[in-house]
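A.B. asks:
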Amino acid sequence: MSNQESCTAAPSAGVASWRQRAFAWALAHLNAKYEKFVASYKLKLLGDLSGCVLEIGPGTGANLRYLPKDRIQWIGVEPTPFMYQYLEKEAARLGMQIEVRNGIADELPVPDSSADAVVCTLVLCCVKDQRRSIQEILRVLKPGGKLALLST
Ligand SMILES: C[S@@+](CC[C@H](N)C(=O)[O-])C[C@H]1O[C@@H](n2cnc3c(N)ncnc32)[C@H](O)[C@@H]1O
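Residues in the sequence shown are numbered consecutively from 1476, following my numbering.
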């Protein structure tokens, strides 16, 4: 399976839809070892954010636990609807208010200069056009805003 396929994109019928559902389940249930490994890095990366935090490709919400929920307004842009139930469950567990928008990194459904921080972990390897995605991130970040990026 290629990176593009394993990360998924827009929902579709048949095998693709089954794959997306399975990917969401796997991300929610089989990632504990990786999350334990990166926990201290993620805490440093995300623990001090504040204001409007836009997370691109949040998946099942593995990053939510590191964010200071009382200091942020969280918006997630996620193209795979099978992720939403896990995101909502994790937010409820943490007592966090979240807003999930369907969309992709290449065309973020948020206004210019509206985010104090953009969070993007293990996502840029999945997008079709990385240059365009970076341009979009720069467009939506406020001047002086932070980009929290994690890649493998
Ligand atoms: C490997 S998962 C990472 C999930 C989460 N960020 C994490 O670190 O656990 C990749 C995520 O990016 C999403 N994704 C795939 N293509 C995307 C795109 N073009 N724009 C935004 N998100 C995308 C997938 O649906 C999935 O939720």
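The beta-carbon is built from N, C-alpha and C at its ideal position, and this holds for glycine as well. Everything numeric in this text was worked out from a predicted model, so none of it was measured.
#1: Helix, strand or coil for L1542 per DSSP?
#2: In its own chain, which residues sit with a C-beta less than 7 Å from the C-beta of A1499, not counting the 5 before and 5 after it?
#3: Evaluate the contact criterion for the segment 1564–1572 versus the segment 1590–1603: three or more CB pairs, one atom per stretch, below 8 Å.
#4: Roughly how many whole angstroms lie between the Cα atoms of L1518 and V1490?
#5: Grab the span of the alpha helix (DSSP H) containing K1508 for me, first residue to last.
#6: Comparing the CB of N1577 with every heavy atom of ligand 1, is any distance shorter than 7 Å?
#7: Which whole-angstrom value is the C-beta distance of I1547 and V1528, which I expect to be below 8 Å?
#8: Sorted by chain position, which residues of the same chain lie with C-beta nearer than 7 Å to R1614's C-beta, five sequence neighbours on each side aside?
#9: Starting from Q1560, trace the alpha helix (DSSP H) both ways and give me its first and last residue.
C.D. replies: On the basis of the supplied data:
#1: coil
#2: T1535, T1555, F1557, M1558 and Y1561
#3: no
#4: 37 Å
#5: A1507 to L1521
#6: no
#7: 5 Å
#8: D1587
#9: Y1559 to L1569
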